[in-house]
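Asks:
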Amino acid sequence: MRISMVSEHASPLAALGGVDAGGQNVHVAELSLALARRGHDVTVYTRRDDPALPVRVRTDARLEVVHIDAGPARHVPKDMLLPFMGELADGIVEDWGQEPADIVHGHFWMSGLAALDAARQSRSGGRDVQVLQTFHALGTVKRRHQGVEDTSPSERLMLEAMVGRSADRVVATCSDEVFELKAMGVPANRVSIAPCGVDLELFGPHGPVEERERPHRIVSVGRLVPRKGMDLVIRALRELADTGHDDVELLIVGGGGNTSVLEDDPEAQRLVALATELGVADRVVLRGQVSRAEMPALLRSADAVVCAPWYEPFGIVPLEAMGCGVPVVAAAVGGLVDTVVDGKTGLHVPPQDPAAIAAAVAEVLADPAWARELGDNGYRRVRARYSWSRIAADTEKAYQLALGAAVPAAPATARRSAARRLESTGGRAL
Ligand code: UDP
């Protein structure tokens, strides 16, 4: 297949851990590569956010990234990109020329608008393109949790529902999202599930391990934004100390770019102030943004990786921790409900509950043999279910379902055999 990925703000080539660069960048990069390795021709369209970027960057024999001029050639916060989606769509159509893609797959709601627009333009020229959509995050959920703090454009909820209802197929990343999509009016028979995956060559149990300062360490990784709940983990550290565990350090990874930037980062400052107020500043380290190559050694150094978001559309960090054979203490929200198996690969805790986080970490610390078992189970789980090659195969099934559904009406016998072919793809249509 000729596959066009559209990822307006999340370039697969960007450094991770900044405010707008996280799981979506990883997802688009890894899924595109895995699809290319399955023999598809994949082009990722993203917005030019730096004048120095070349138009095309080939990253694999069948994979290239194309930077489209859409809005100013500098970083623009993603919540301000909506006005440029028309330009993005036009740039995609121009790049397609006479040979549009078979599939255009939008990532995030705004890219969905560009994907639909590009497909519409192409269809009006007589070339059929199927539109797939992965939301990564939903405005309805964000609004519910962030209320007035939500800086998304006011049109988001309406346009997002429109994208969901207009796309030929929506690829949800977890079961929780399926319920949200239903509530948005997306027909259930047009939804497939393909979760995010993890790079199992990079995130494995063997390899360098960073030294700790104290006997025990918990690690939390994520962009430094309030909804990631890093403050809850600092509060849990206080609870741990109050219950006799004053030998635990907390490493917080992620942020604005490097330590000097962290010093100017209001969220980092808020976390430092909280740790100071709670009397645990001597055992909280804010590492700032780290490269992917450094991440496994940091994860392996943990007794437990703690993920305490208020909500989480998917959450790749727990998979990376499990890949490294480390137990995960995770808030039971969003994708973490699917990925972390309570009592088998880690422990679930209620969201926004520092005492529960502390109790779960204490349980893991109290029984090293059980902790190892949790880590081993996590490792086996991600190897069995979350390799990017498997996720690419699941996504390919969603593409085939969309392409199959687009086949024009055929005689009854042909329709029956086409239906059998579709069934044999094993697509997880809901
Ligand atoms: N990450 C990284 N360096 C950092 C912080 C995060 O490489 O300093 C990576 C992390 O390992 C994971 C991704 O960014 O692969 C975050 O994805 P997740 O789905 O957990 O969260 P999101 O940022 O999408 O909300």
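The numbers in the working numbering rise by one with no breaks, and the one at position 126 of the sequence shown is 1333. Every residue gets a Cβ at the ideal spot worked out from N, C-alpha and C, and that includes glycine.
1) How close, in whole Å, do the beta carbons of T1602 and L1323 come, if the pair is a contact with beta carbons under 8 Å?
2) Per the contact definition of three or more C-beta pairs closer than 8 Å, is the segment 1522 to 1533 in contact with the segment 1558 to 1567?
3) Given this structure, state the Cα-to-Cα distance separating N1465 from S1508, to the nearest angstrom.
4) Are there 16 or more other CB atoms within 10 angstroms of the CB of E1408, so buried, or fewer, so exposed?
5) DSSP on M1212, reduced to helix/strand/coil?
6) Since I believe G1522 is in contact with G1542 (beta carbons under 8 Å), could you give me their beta-carbon distance rounded to a whole number of angstroms?
7) Just to confirm, is the Cβ distance from I1598 to P1402 under 8 Å?
8) Does the Cβ of M1502 have 16 or more other Cβ atoms within 10 Å, making it buried, or fewer, making it exposed?
9) What are the boundary residues of the alpha helix (DSSP H) that includes Y1252?
10) Is the segment 1281 to 1299 touching the segment 1324 to 1340 in the sense that three or more CB pairs, one from each, lie closer than 8 Å?
11) According to DSSP, is L1220 part of a helix, a strand, or is it coil?
12) Measure the C-alpha to C-alpha separation of D1574 and M1369 and round it to an integer number of angstroms.
13) Tell me whether the beta-carbon of T1347 lies closer than 8 Å to the beta-carbon of L1364.
14) Under a three-way DSSP split, which group does A1616 fall into?
15) To the nearest angstrom, report how far apart G1354 and K1435 are at their CA atoms.
16) With a threshold of 7 Å, establish whether the CB of G1230 neighbours any heavy atom of ligand 1.
17) Pop quiz: V1460 and R1494 are said to be a contact at Cβ under 8 Å. What is the actual Cβ separation, rounded to whole angstroms?
18) Can you tell me which of the three DSSP states T1341 falls into?
19) Please classify Q1340 as buried or exposed, where buried requires at least 16 neighbouring CB atoms within 10 angstroms.
20) Does E1306 come out as helix, strand or coil in the three-state DSSP assignment?
21) If you drop the 5 nearest sequence neighbours on each side, which residues of the same chain put their C-beta closer than 6 Å to that of A1528?
22) Can you tell me whether DSSP reads E1456 as helix, strand or coil?
23) Where does the unbroken alpha helix (DSSP H) through G1371 begin, and where does it stop?
24) Pull up the DSSP beta-bridge partners for V1311, would you.
25) Between the beta-carbon of G1404 and the beta-carbon of Y1593, is there less than 8 Å?
26) Taking the alpha-carbon positions, what's the E1384 to R1351 distance?
27) Quick check: the Cα distance between E1470 and T1483, rounded to an integer number of angstroms?
28) With a threshold of 7 Å (Cβ to nearest heavy atom), would V1233 be considered close to ligand 1?
29) Can you give the beta carbon distance from R1263 to D1276, rounded, assuming they're within the 8 Å contact cut?
30) Can you say whether D1335 is buried or exposed, counting buried as having 16 or more other CB atoms within 10 angstroms of its CB?
31) So, with DSSP's three-state summary, where would you put V1512?
32) Excluding the 5 residues preceding and the 5 following A1636 in the sequence, name in chain order all residues of the same chain whose CB lies nearer than 7 Å to its CB.
33) Enumerate in chain order the residues of its own chain whose CB-to-CB distance from A1169 is below 7 Å, with the five nearest sequence positions on each side excluded.
34) Less than 8 Å between the CB atoms is what I'm expecting for C1514 and A1537, so what's the real figure, rounded?
35) If you draw a straight line from the C-alpha of E1356 to the C-alpha of W1517, how long is it?
Replies: Concretely, from the data shown:
1) About 19 Å; that fails the 8 Å criterion.
2) Too few Cβ pairs lie closer than 8 Å, so no.
3) For N1465, the predicted model reports a pLDDT of 48, less than 50, meaning its position is unreliable; a value from the coordinates is still stated below. When rounded, the separation of the alpha-carbon atoms in N1465 and S1508 is 21 Å.
4) Sixteen is the threshold: since fewer than 16 other Cβ atoms of the shown chains lie within 10 Å of the Cβ of E1408, the residue is exposed.
5) In the structure shown, the three-state DSSP call for M1212 is strand.
6) With a contact defined as Cβ atoms closer than 8 Å, G1542 and G1522 qualify at about 5 Å.
7) Yes, these two residues count as a Cβ contact at 8 Å.
8) With 16 or more Cβ atoms within 10 Å of its Cβ, M1502 is classed as buried.
9) Y1252: not part of any alpha helix (DSSP H); member of the beta strand (DSSP E) spanning 1248 to 1254, first to last residue.
10) Cβ pair count under 8 Å is three or more, so yes.
11) In the displayed model, L1220 falls within coil according to three-state DSSP, outside both helix and strand.
12) Going from the Cα of D1574 to the Cα of M1369 covers about 50 Å.
13) Going by C-beta atoms, T1347 is nearer than 8 Å to L1364.
14) The pLDDT assigned to A1616 is 45, lower than 50, so where the model puts this residue is not dependable, and the model offers no usable value.
15) Going by C-alpha positions, G1354 is about 16 Å away from K1435.
16) Yes - ligand 1 has a heavy atom lying nearer than 7 Å to the Cβ of G1230.
17) Rounded to the nearest angstrom, the Cβ distance from V1460 to R1494 is 5 Å, consistent with a contact under 8 Å.
18) Under the three-state reduction of DSSP output, T1341 falls in the strand class.
19) So Q1340 ends up on the buried side.
20) Coil, per DSSP.
21) Cβ neighbours of A1528 beyond the five flanking positions: L1506, V1512, V1535.
22) It is a strand residue.
23) The continuous alpha helix (DSSP H) containing G1371 extends over residues 1363 to 1373.
24) BP columns for V1311 point to S1211, V1338.
25) Yes, these two residues count as a Cβ contact at 8 Å.
26) Distance between the alpha carbons of E1384 and R1351: 14 Å.
27) Rounded to whole angstroms, E1470 to T1483 spans 15 Å at the Cα level.
28) Within the chosen limit of 7 Å, ligand 1 reaches the beta carbon of V1233 through at least one heavy atom.
29) R1263 to D1276, Cβ: 13 Å. No contact.
30) By the beta-carbon neighbour count (other beta carbons within 10 angstroms, threshold 16), D1335 is exposed.
31) Under the three-state reduction of DSSP output, V1512 falls in the strand class.
32) Any answer about A1636 is weak, because its pLDDT of 30 lies below 50 and its placement is not dependable; what the coordinates show is given next. Cβ neighbours of A1636 beyond the five flanking positions: N1396, S1399, L1608.
33) Because the chain here runs from 1208 to 1637, residue 1169 falls outside it and cannot be looked at.
34) Contact between C1514 and A1537 holds: their C-beta atoms lie close to 4 Å from each other, under 8 Å.
35) If you draw a straight line from the Cα of E1356 to the Cα of W1517, it comes to about 14 Å.
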